[in-house]
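Chains as they are written, first to last, in the working numbering: chain A, 1 to 299; chain B, 1001 to 1030. Glycine included, C-beta positions come from ideal geometry on N, C-alpha and C.
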Amino acid sequence: PVYLPSKEYREYHTVDKPSLKEHLVMGLHLLEELDETDLAIGEYIIYNLDDRGFITIPLESIAKRFNVDTERVGKVLIAIQEELDPPGIAARNAMECMLIQLRRMGVKDDLPYLLVERYLPMIGSDTAFLARLLNRPEEEVKSACTLLHKLTAFPAKAWQESDPPSVLPDLIIDKLDDRFEVYLNEAMIPKIRYFKEYETLIYKNELSEEEQKLLETMKQEAFEFLRNLDRRRSLLIEVGNFLVERVHQFLCGEADLTPVMIEEAAHTLGVPVSTILYALRGKYVQTPRGIFPLSKFFT
Amino acid sequence: GFLEILAKSQVELLDVIEQLVETNLFLEIA
Chain A
1 PVYLPSKEYR EYHTVDKPSL KEHLVMGLHL LEELDETDLA IGEYIIYNLD DRGFITIPLE
61 SIAKRFNVDT ERVGKVLIAI QEELDPPGIA ARNAMECMLI QLRRMGVKDD LPYLLVERYL
121 PMIGSDTAFL ARLLNRPEEE VKSACTLLHK LTAFPAKAWQ ESDPPSVLPD LIIDKLDDRF
181 EVYLNEAMIP KIRYFKEYET LIYKNELSEE EQKLLETMKQ EAFEFLRNLD RRRSLLIEVG
241 NFLVERVHQF LCGEADLTPV MIEEAAHTLG VPVSTILYAL RGKYVQTPRG IFPLSKFFT
Chain B
1001 GFLEILAKSQ VELLDVIEQL VETNLFLEIA
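Here you go:
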C-alpha cells in the first residue's frame, strides 16, 4: 500500500502477434464492399470457425440468426474465403480449402483441381498410377502433386502454433518511481506448510517398524520439498535482480535488448549454467516493456 | 530434486503440490 500513489498502472500484453481470429476480424473490417450487417455476419462466421479453420455451421442457420437471406451470408463467406489470409480459411472441408488456395494462387491448369476434387486421398501415392487413371503424362501429374503438397489442408493449423500463449508471468519487474522492484507472481501456487501433528506418531511405539519408516520418509520428503520450493523462489528473484542490473536501459525503454550471456549470470549468482537453464525454462517475466519469456534475456 | 522443481512452470508446480498434499501427511495447504 505504501507504493500505491506512485505506481504506474498499465495493461500488460504479451509481445506477440494477434490470434488468427483477431487477425481475420481486422482483415474483415478492411473489406470495403461490406456494410454493417455484413460485418456482423462475417465476425459471426470467423468466431465460429473450428480449430482447423473450417466453417461448420450451415449458412441457413446464420441467415436465420441475422434475419437475412442465405445468399447474403454466402456473399460474406465468399469475401472471407477470397480476400482474407491465410488462403483456404473458412472453407467447409479440406477439399474446398485446397481448391480455394489453387484459385487464389491463380493456377490455370485444370489438373491440380481435378486431382483435389476426385483423387485427394491418392495425391501422396503412385503418380504413374494416377497418370494412367487420368490419361495424362506422368510428369504433369508429378508436378501437379508437388504443387498440391505445398498447400495446407487445415489453414488454422499453421497459426495455432504461433498463437499467443496464455501467459502467466512467474516474475514481475515493476518500476516504482526511479527504481525497479522484483517479485514473484505465485498467483496459482497455494501457500503450503509443514504439518507437524503426525510427527509425534513417529516416536510413539504404536506403529510397526514399517509404518514408522514410511512416516520418516514422508517427513524427509516434506522438508526437502519445502526447502526446494524456497530455493526456487529465491533463485528466480535473484535472476530478476540480475536482469534489473544488466538490462536496466532496456527496462527503462532507453535501449534495445542485448541478451546477457548465461555464463555471466551463472557466475554472478554463483550457480552452474545448467541451473540457470532450469530456472529459465517455461517461465515468463512481466516488465514495464511487456511480458517476455525469461529466456529472451539470455544467450 | 531442486532442479526438477526449479524447471517447473506454475501450472506444473501446482500439479506437484496437489499430488504431494494428497499423499504426504506432513504437508498441508495453509
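Which chain A residues sit within Cβ distance under 9 angstroms of residue i?
i               : result
residue 1019(B) : Residues of chain A passing the Cβ test: none, with the nearest at roughly 11 angstroms.
residue 1022(B) : Result: empty, since nearest Cβ-Cβ is about 12 angstroms, beyond 9 angstroms.
Note down, in chain order, every chain B residue with its Cβ under 7 angstroms from the Cβ of residue i.
i              : result
residue 207(A) : Result: empty, since nearest Cβ-Cβ is about 12 angstroms, beyond 7 angstroms.
residue 198(A) : 1025, 1026
residue 278(A) : 1003, 1006, 1007
residue 168(A) : 1010
residue 281(A) : 1007
By how many angstroms is the C-alpha of residue j removed from the C-alpha of residue i?
i               : j               : result
residue 268(A)  : residue 262(A)  : 10 angstroms
residue 47(A)   : residue 1002(B) : 44 angstroms
residue 163(A)  : residue 20(A)   : The pLDDT assigned to residue 163(A) is 48, lower than 50, so where the model puts this residue is not dependable, and the model offers no usable value.
residue 270(A)  : residue 198(A)  : 38 angstroms
residue 183(A)  : residue 235(A)  : 11 angstroms
residue 294(A)  : residue 251(A)  : 13 angstroms
residue 279(A)  : residue 247(A)  : 18 angstroms
residue 74(A)   : residue 67(A)   : 14 angstroms
residue 286(A)  : residue 273(A)  : 23 angstroms
residue 120(A)  : residue 30(A)   : 34 angstroms
residue 107(A)  : residue 1019(B) : 57 angstroms
residue 129(A)  : residue 100(A)  : 26 angstroms
residue 1016(B) : residue 225(A)  : 10 angstroms
residue 103(A)  : residue 97(A)   : 10 angstroms
residue 85(A)   : residue 105(A)  : 12 angstroms
residue 1013(B) : residue 1005(B) : 7 angstroms
residue 111(A)  : residue 132(A)  : 13 angstroms
residue 57(A)   : residue 150(A)  : 28 angstroms
residue 229(A)  : residue 244(A)  : 23 angstroms
List the residues of chain B whose Cβ lies closer than 9 angstroms to the Cβ of residue i, in chain order.
i              : result
residue 275(A) : 1002, 1003, 1006
residue 192(A) : 1017, 1020, 1021, 1027, 1028, 1029, 1030
residue 171(A) : Here the premise fails: no neighbours, minimum Cβ distance about 11 angstroms.
residue 211(A) : Ordered by position in chain B, no residue passes the 9 angstroms Cβ test against residue 211(A), which lies about 11 angstroms from the chain.
residue 189(A) : 1010, 1013, 1014, 1017
Can you determine whether any heavy atom of the ligand SAM sits closer than 7 angstroms to the C-beta of residue i, and answer yes or no?
i              : result
residue 190(A) : Of the ligands one can find in the structure shown there are none, so the ligand SAM has no counterpart to examine.
If the cut is a Cβ gap below 8 angstroms, which residues of chain B does residue i touch?
i              : result
residue 195(A) : 1025, 1026, 1027, 1028
residue 186(A) : 1010
residue 219(A) : 1026
> When the Cβ atoms of the stretch 230 to 243 of chain A are set against those of the stretch 170 to 178 of chain A, are three or more pairs found closer than 8 angstroms?
Replying inline: yes
> Should the stretch 149 to 158 of chain A be called in touch with the stretch 90 to 99 of chain A, which here means at least 3 C-beta pairs below 8 angstroms?
Replying inline: yes
>> Going residue by residue through the stretch 116 to 175 of chain A, where are the continuous alpha helix (DSSP H) segments of at least 4 residues, counting only ones entirely within it?
In response: 127 to 134, 138 to 149, 155 to 162
> Is the stretch 189 to 204 of chain A touching the stretch 1021 to 1029 of chain B, taking contact as three or more C-beta pairs under 8 angstroms?
Replying inline: yes
> Counting Cβ pairs, one atom from each stretch, are 3 or more of them under 8 angstroms apart for the stretch 125 to 139 of chain A and the stretch 33 to 50 of chain A?
Replying inline: no
> Name the residues in the stretch 222 to 239 of chain A whose C-beta lies less than 9 angstroms from a C-beta of chain B; which are they?
Replying inline: 222, 223, 224, 225, 226, 227, 228, 229, 231, 232, 235, 236
> For the 8 angstroms Cβ check, are there 3 or more pairs between the stretch 69 to 84 of chain A and the stretch 40 to 60 of chain A?
Replying inline: yes
>> Pairs of beta-carbons, one from the stretch 108 to 123 of chain A and one from the stretch 55 to 69 of chain A, closer than 8 angstroms: are there three or more?
In response: no
>> Which complete alpha helix (DSSP H) runs does the stretch 80 to 106 of chain A hold, if anything under 4 residues is left out?
In response: 94 to 105
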